[in-house]
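Take 207 as the starting number for the sequence shown in the working numbering and just add one per residue.
Glycine is no exception: its CB is placed at the ideal position from the N, C-alpha and C atoms.
One structure below.
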Amino acid sequence: LFLGEVFPISVPRRGGEVDEVTASTTFAFALMLGFGTAPAVIAQVVSSVVADLILRKSAWKIAFNAGQYALSLGAAGMLYHAMRGELSPGVEGLVPFVLSALVFFVLNTTITDIAVGLTTGVGLRDYIAKDLVLQAQATLPLLARVAVSHARAGAAAVAPPGDDHAVGAGLDVGRVDDRP
């Protein structure tokens, strides 16, 4: 989480603008799935605050970033657990995952976009729409990988002992030496 915050990925945009994308939020979301909302929020907020201090961001930006992560990850975690999300194979296990990932993604992106829009004077609707597309292109492939891991972990949790081919609910390609 910490390295993802300290080393964001710079993404050039039209008009010479440069945006930043952090991979840490994907890991925080995965942490929420495996260990619960509170540990994930604490880990993400601490990583964000320490990284922002190292990067010498202003106090209001440090506080804003911490609050933004706590709100978006907290809301996603509450939804996931309210829907009784758990590691399980099949669609039942993925529905809470997908909905909570969507809540996390939209909140995390739009909270920042509103702040940037208000401080820079850009039109909020256009800025949010463009940034949602950019962030989706950067974030959703990572969240898809978390979804695959989520399904695999669920299948492993319910597979009979020694049934290596059941792991991944058909997603596991297996090892080369396991193939006939």
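>> Do A307 and A288 have their beta-carbon atoms positioned less than 9 Å apart in this structure?
In response: Sequence index remark: in the sequence shown, residue 288 carries index 82 (1-based). Sequence index remark: in the sequence shown, residue 307 carries index 101 (1-based). Result no, Cβ atoms of A288 and A307 do not sit closer than 9 Å.
>> Runs of 4 residues minimum, wholly inside the region 235-276: which ones carry the alpha helix (DSSP H) assignment?
In response: 243-260
> What's the gap between the Cα of T315 and the Cα of I334?
Replying inline: In the sequence shown, residue 315 corresponds to position 109, counting from 1. In the sequence shown, residue 334 corresponds to position 128, counting from 1. Whole-angstrom Cα-Cα distance: 8 Å.
> L279 and A234 look like a contact to me (Cβ under 8 Å); what is the Cβ gap, rounded to whole Å?
Replying inline: Position 73 of the sequence shown holds residue 279. Position 28 of the sequence shown holds residue 234. At roughly 6 Å, the Cβ-Cβ gap stays under 8 Å, so L279 and A234 are in contact.
>> Starting from F208, trace the alpha helix (DSSP H) in both directions and tell me its first and last residue.
In response: Numbered from 1 along the sequence shown, position 2 holds the residue referred to as residue 208. From DSSP, the alpha helix (DSSP H) with F208 extends over F208 to V212.
> Between E211 and A257, which are expected to be in contact by the criterion C-beta below 8 Å, what is the C-beta distance as a whole number of angstroms?
Replying inline: The residue given as residue 211 occupies position 5 in the sequence shown. The residue given as residue 257 occupies position 51 in the sequence shown. Right, the Cβ-Cβ distance comes to about 3 Å (below 8 Å), so this counts as a contact.
> Leaving out the 5 sequence neighbours to the left and right, which residues in its chain are closer than 6 Å to I215 when beta-carbon positions are compared?
Replying inline: If you number the sequence shown from 1, residue 215 lands on position 9. The residues are V227.
> With 16 as the cutoff for other CB atoms within 10 Å, does L330 come out buried or exposed?
Replying inline: In the sequence shown, residue 330 corresponds to position 124, counting from 1. The residue in question, L330, is exposed, as its Cβ has fewer than 16 Cβ neighbours within 10 Å.
> Mind checking whether L239 and F311 have CB atoms under 9 Å apart?
Replying inline: To locate residue 239, count along the sequence shown from 1; it is residue 33. To locate residue 311, count along the sequence shown from 1; it is residue 105. No.
>> I need the straight-line Cα distance from L261 to F270, nearest angstrom please.
In response: Position 55 of the sequence shown, counted from the start, is the residue given in the question as residue 261. Position 64 of the sequence shown, counted from the start, is the residue given in the question as residue 270. Approximately 15 Å between the Cα atoms of the pair.
> Leaving out five residues before and five after L285 in sequence, what residues of the same chain have Cβ atoms less than 7 Å from its Cβ?
Replying inline: Walking along the sequence shown from the start, residue 285 turns up at place 79. Excluding residues within five positions, the ones whose Cβ falls inside 7 Å are L305, S306 and V309.
>> Taking only three categories from DSSP, how would you classify V339?
In response: On the sequence shown, position 133 is the one that residue 339 refers to. Helix.
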